[in-house]
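Engineer:
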Amino acid sequence: MFRIKEYVKASSLEQAYELNQKRANRIIGGMLWMKMGKGKIHTAIDLSGLGLDTIEETEKEFIIGCMVTLRQLELHASLAALGNGILRESVKNIVGVQFRNLATVGGSLFGRFGFSDVLTAFLALDTEVELYRGGRVPLAEFAGRKPDNDILVRVIVKKDDVRRVYLSHRNSRTDFPVLAVAIAAGKDDIKVIAGARPHRAIIVPAEGICIETGKLAEDIHTGVCSEKAIREYAARLSERIPTGSNMRASAEYRSHLAEILIRRGLSALNESAKEERGL
């Protein structure tokens with residue numbers, strides 16, 4: 000429970016930015032995660048009147064306003080075709096439809112929550128965020144920063160034909176994930192993202208693993224990768240994921256899950272390519 004002294008529906012981003020420079024003021028977004036905290040907010044800043052609740056599609060990218068809800072992501076037909084529907088898959092188990100009708104993309108990413116399915120999935124895409132004063136920044140860079148008083152205005156996702164997969168393990172269907180894994184497998188590279196470790200999502204470094212990542216990516220892209228190679232890569236990569244313990248799981252259990260989810264994700268991508276080629 001928290002208390003709000005004043006409420007302002009911003010008439011411009013400049014007004015919202017100026018108000019947000021005071022520590023006691025907050026941009027409220029969908030306000031769903033905020034309500035779980037405690038404290039006092041002097042001025043709650045609402046961005047809902049600024050037209051930032053739309054998804055625009057151009058020839059090369061999707062431009063997603065910060066006030067777009069998770070339900071809009073889930074139902075958007077063109078986004079569902081991007082990366083094997085990774086965004087739809089990542090949000091479908093977040094609490095329930097009522098919650099996803101209110102929770103926003105901007106709030107989910109700006110908070111950089113450790114449990115965030117949304118951050119994990121967007122990191123697997125070619126994603127940038129547009130900040131009001133900071134301009135366009137790669138999401139991976141933004142995710143590593145400490146929170147500040149800038150405003151996340153839009154999320155830009157570039158179109159490509161990279162295959163992707165999203166997996167998570169939950170103690171119950173609508174609970175926070177115990178661990179989440181997103182994988183992007185291009186022709187020459189594999190990118191693995193681990194979230195809910197229980198810390199914020201990271202891109203897992205693959206440099207120095209004995210198995211050549213480029214060769215593995217090529218084999219998965221063509222659907223000819225062996226299960227042995229996938230198992231070995233998953234085992235070695237999972238060792239590079241820092242995990243911790245909380246009320247949902249121990250660090251050891253999360254490390255065990257990481258190997259399983261990476262293996263399942265790579266196998267799914269390999270099988271998908273195999274089916275497409277009719278092998």
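For reference, each letter of the sequence shown is one residue, going 0 to 278 in numbering that gives the first Met the number 0. Beta carbons are placed, not taken as given, at the ideal position from N, Cα and C, and that holds for glycine. Just so you know, these numbers come straight off a predicted model, no measurement behind them.
Suppose you measure from the CA of L69 to the CA of T103; what does that come to, to the nearest Å?
Structural biologist: The sequence position of residue 69 within the sequence shown is 70, counting from 1. The sequence position of residue 103 within the sequence shown is 104, counting from 1. One C-alpha to the other measures close to 6 Å.
Engineer: Along the chain, where does the beta strand (DSSP E) containing E56 start, and where does it finish?
Structural biologist: As a working mapping, residue 56 is identified with position 57 in the sequence shown. First-last of the beta strand (DSSP E) with E56: I54 to E56.
Engineer: Throw me the rounded Cβ distance for the R132 and D149 pair, which I believe falls under 8 Å.
Structural biologist: Position 133 of the sequence shown holds residue 132. Position 150 of the sequence shown holds residue 149. About 5 Å; that satisfies the 8 Å criterion.
Engineer: In the DSSP assignment, the alpha helix (DSSP H) including V117 goes from what residue to what residue?
Structural biologist: Your numbering for residue 117 matches position 118 in the sequence shown. Residues D116 to L122.
Engineer: Cα separation between T119 and G264?
Structural biologist: In the sequence shown, residue 119 corresponds to position 120, counting from 1. In the sequence shown, residue 264 corresponds to position 265, counting from 1. Straight-line Cα distance between these residues: approximately 14 Å.
Engineer: With a threshold of 16 other CB atoms inside 10 Å of the CB of S197, please say whether the residue is buried or exposed.
Structural biologist: Residue numbering aside, residue 197 sits at position 198 when the sequence shown is read from its first letter. It is worth fixing the name first, because residue 197 is Pro in this sequence and not Ser. That one is buried.
Engineer: How far does the beta strand (DSSP E) with Y232 in it reach, from first residue to last?
Structural biologist: Walking along the sequence shown from the start, residue 232 turns up at place 233. Taken as a continuous stretch (DSSP letters only), Y232 belongs to no beta strand (DSSP E), being part of the alpha helix (DSSP H) at E226 to S237.
Engineer: Please return the same chain residues whose Cβ sits closer than 8 Å to the Cβ of A228, not counting the five positions on each side in sequence.
Structural biologist: Here residue 228 refers to the residue found at position 229 when the sequence shown is read from its first residue. I210, L215 and D218, listed in sequence order.
Engineer: Quick one: grab the DSSP three-state call for T42.
Structural biologist: Mapped onto the sequence shown, residue 42 falls at position 43. Looking at T42 - three-state DSSP - the assignment turns out to be strand.
Engineer: Reducing DSSP to helix, strand and coil, say where Y131 ends up.
Structural biologist: By 1-based counting over the sequence shown, the position of residue 131 is 132. Looking at Y131 - three-state DSSP - the assignment turns out to be coil, as it is neither helix nor strand.
Engineer: Look at the alpha carbon of R276 and the alpha carbon of G222, and state the distance between them as a whole number of angstroms.
Structural biologist: Looking up residue 276 in the sequence shown gives position 277. Looking up residue 222 in the sequence shown gives position 223. Approximately 8 Å between the Cα atoms of the pair.
Engineer: Given a cut-off of 9 Å, decide if L49 and S11 are closer than it, judged by their beta-carbon atoms.
Structural biologist: Within the sequence shown, the letter at position 12 stands for residue 11. Within the sequence shown, the letter at position 50 stands for residue 49. Yes, Cβ-Cβ distance for S11 and L49 is below 9 Å.
Engineer: Which residue's Cα is closest to the Cα of A272: V164, I240, I261 and I202?
Structural biologist: For the purposes of this step, residue 272 is taken as residue 273 along the sequence shown, with counting starting at 1. The shortest C-alpha separation from A272 is found at V164.
Engineer: For the alpha helix (DSSP H) containing F141, list its first residue and its last residue.
Structural biologist: Within the sequence shown, the letter at position 142 stands for residue 141. Looking at the DSSP string, the run of the alpha helix (DSSP H) that includes F141 is L138 to A142.
Engineer: How is the alpha helix (DSSP H) around V104 delimited, first residue to last?
Structural biologist: Residue mapping note: residue 104 aligns to position 105 of the sequence shown, counting from 1. Per DSSP, V104 is one residue of the alpha helix (DSSP H) stretching across V104 to F109.
Engineer: Does the distance from the CB of H220 to the CB of G243 come in under 9 Å?
Structural biologist: Within the sequence shown, the letter at position 221 stands for residue 220. Within the sequence shown, the letter at position 244 stands for residue 243. No, these two residues do not count as a Cβ contact at 9 Å.
Engineer: Find the nearest neighbour of E258 within the set A181, C224 and E274, judged by alpha-carbon distance.
Structural biologist: Residue mapping note: residue 258 aligns to position 259 of the sequence shown, counting from 1. Residue A181 is the option with its Cα nearest to E258.
Engineer: Looking at the structure shown, is H220 part of a helix, part of a strand, or coil, going by DSSP?
Structural biologist: Along the sequence shown, read from residue 1 onward, the residue named residue 220 stands at position 221. Helix.
Engineer: Start and end of the alpha helix (DSSP H) containing K273?
Structural biologist: Taking the sequence shown and counting its residues from 1, the one referred to as residue 273 is at position 274. First-last of the alpha helix (DSSP H) with K273: A250 to R276.
Engineer: Given a cut-off of 9 Å on the beta-carbon distance, is the pair R162 and N245 in contact?
Structural biologist: The count along the sequence shown starts at 1 and reaches residue 162 at position 163. The count along the sequence shown starts at 1 and reaches residue 245 at position 246. No. Outside cutoff.
Engineer: Apart from the five residues on each side of it in sequence, which residues of its chain come closer than 7 Å, Cβ to Cβ, to I202?
Structural biologist: Against the sequence shown, residue 202 aligns to sequence position 203. These residues qualify, in order along the chain: L122, A139, K190 and I192.
Engineer: Taking 9 Å as the threshold (C-beta atoms), are L51 and I26 in contact?
Structural biologist: Within the sequence shown, numbered from 1, the residue matching residue 26 stands at position 27. Within the sequence shown, numbered from 1, the residue matching residue 51 stands at position 52. Against a cut-off of 9 Å, the Cβ pair of L51 and I26 comes out as no contact.
Engineer: Just reading off the beta strand (DSSP E) that E206 is part of, what are its end residues?
Structural biologist: Indexing the sequence shown from 1 puts residue 206 at position 207. No beta strand (DSSP E) contains E206, which DSSP labels as neither H nor E.
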